[in-house]
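Colleague: The structure's right below; bear with me while I get my questions together.
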Amino acid sequence: MTTRISKSCFLLFLLLVQDLCLVRASSKHSCNGSIAECGGEEETLMESEISRRFLAQQKKYISIGALKKDHPACDGGGGGQPYTKSGSCAPPPANPYNRGCSKIYRCRSDD
100 MTTRISKSCF
110 LLFLLLVQDL
120 CLVRASSKHS
130 CNGSIAECGG
140 EEETLMESEI
150 SRRFLAQQKK
160 YISIGALKKD
170 HPACDGGGGG
180 QPYTKSGSCA
190 PPPANPYNRG
200 CSKIYRCRSD
210 D
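According to the working numbering, the residues represented by the sequence shown are 100 to 210, in order.
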């Protein structure tokens, strides 16, 4: 009998917790309008954060080298030059093409 009462109390407790969670969740999402209508305060905070980040940037330009296609970006260029002059900023290819040994060199595998 006591186990039945304790199980009933436990289930009642779980139902109350669930109802409390549902009420709390529904109060947060009560607006059905647009972002500007429902979250105007959050929108202005986000906008000011973005503006602050743009103003805090050190470089206020994009270099010509950054706009060239087929060039890797390197960290080592200065004065608006994002690429090294030797072009050695990119790592070597992982699997370079290898034709093997030519017959003119008389390799051991071609004997």
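Where is the CB? At the ideal position from N, CA and C, for every residue including glycine.
What's the gap between the Cα of T102 and the Cα of F109?
Modeller: T102 and F109: Cα-Cα distance of roughly 10 Å.
Colleague: Could you check what DSSP says for R198 in three-state terms: helix, strand or coil?
Modeller: Coil, per DSSP.
Colleague: Indicate the three-state DSSP secondary structure (helix, strand or coil) for R205 in the structure shown.
Modeller: Coil at R205, not helix or strand.
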